[in-house]
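Enquirer:
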Amino acid sequence: MDLGTFCDSWLKAWTGNQPELLLSFYASEFFYSDPARPGGITELDEFRTYLNRLLGKYPDWVWQRELLVPTSNGFVFKWSVCLKSGKTFSGMDLVELSQEKISRNEVYFDPSVLKE
Numbered sequence: 008m009d010l011g012t013f014c015d016s017w018l019k020a021w022t023g024n025q026p027e028l029l030l031s032f033y034a035s036e037f038f039y040s041d042p043a044r045p046g047g048i049t050e051l052d053e054f055r056t057y058l059n060r061l062l063g064k065y066p067d068w069v070w071q072r073e074l075l076v077p078t079s080n081g082f083v084f085k086w087s088v089c090l091k092s093g094k095t096f097s098g099m100d101l102v103e104l105s106q107e108k109i110s111r112n113e114v115y116f117d118p119s120v121l122k123e
């Protein structure tokens with residue numbers, strides 16, 4: 008598996024308000040966390056609901072990989088995202104893979120950048 012290609016395809020799925028496409032990158036058993044969900048999400052229906060709200064609010068954001076560092080079971084990467092308003096911010100993710108699907112995704116960024 009080419010991690011850069013996988014990461015770029017996955018990031019592209021975060022744009023366009025297509026939660027089902029995005030969910031297809033995740034394993035059936037997974038853990039997802041970000042600043043809004045620091046305790047994490049492990050249930051598919053809860054994650055679907057969360058993504059529907061999040062992608063509905065930011066359907067036009069565009070993600071770009073800045074740096075990818077492979078790990079023994081996935082990768083860590085730095086990213087930037089540009090909102091429709093032109094505001095840009097950066098963060099990083101820890102991604103673990105199982106059978107070419109995301110089994111763990113921890114997202115880190117300063118959430119104050121999204122306050123309007």
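Sequential numbering from 8 applies to the sequence shown in this note's numbering. All residues carry an ideal CB built from backbone N, CA and C; glycine is no exception.
#1: Take every Cβ of the region 43-54, pair it with every Cβ of the region 89-102, and state whether three or more of those distances are shorter than 8 Å.
#2: Sorted by chain position, which residues of the same chain lie with C-beta nearer than 6 Å to E27's C-beta, five sequence neighbours on each side aside?
#3: Could you say which of D67, L58 and A43 lies nearest to K94 if we only look at CA atoms?
#4: Tell me the residue span of the alpha helix (DSSP H) that contains T186.
#5: Terminal residues of the continuous alpha helix (DSSP H) containing P26?
#6: With DSSP as the reference, please indicate the residues paired to K85 in a beta bridge.
#7: Give the straight-line distance between the Cα atoms of L29 and S16, rounded to the nearest whole angstrom.
#8: Starting from K108, trace the beta strand (DSSP E) both ways and give me its first and last residue.
#9: Roughly how many angstroms separate the alpha carbons of Y33 and W86, rounded to a whole number?
#10: Can you give me the C-alpha to C-alpha distance between R72 and Y57, rounded to a whole angstrom?
Expert: A quick look at the data gives this:
#1: no
#2: Along the sequence shown, read from residue 1 onward, the residue named residue 27 stands at position 20. Hits under 6 Å: none found.
#3: Taking the sequence shown and counting its residues from 1, one reaches residue 94 at position 87. It is D67.
#4: Only positions 8 to 123 of the chain appear in this structure, which leaves residue 186 out of reach.
#5: Counting from one through the sequence shown, the residue named residue 26 turns up at place 19. Note, P26: alpha helix (DSSP H), P26 to L30.
#6: Along the sequence shown, one-based indexing puts residue 85 at 78. Looking at the DSSP assignment, K85 forms a beta bridge with L74 and M99.
#7: Stepping through the sequence shown from its first residue, residue 29 is reached at position 22. Stepping through the sequence shown from its first residue, residue 16 is reached at position 9. One C-alpha to the other measures close to 10 Å.
#8: Counted from its first residue, the sequence shown places residue 108 at position 101. K108 to Y115 is the span of the beta strand (DSSP E), which, as asked, contains K108.
#9: Counting from one through the sequence shown, the residue named residue 33 turns up at place 26. Counting from one through the sequence shown, the residue named residue 86 turns up at place 79. Their Cα atoms are separated by approximately 19 Å.
#10: For this step, residue 72 is matched to residue 65 along the sequence shown. For this step, residue 57 is matched to residue 50 along the sequence shown. When rounded, the distance between both Cα atoms is 23 Å.
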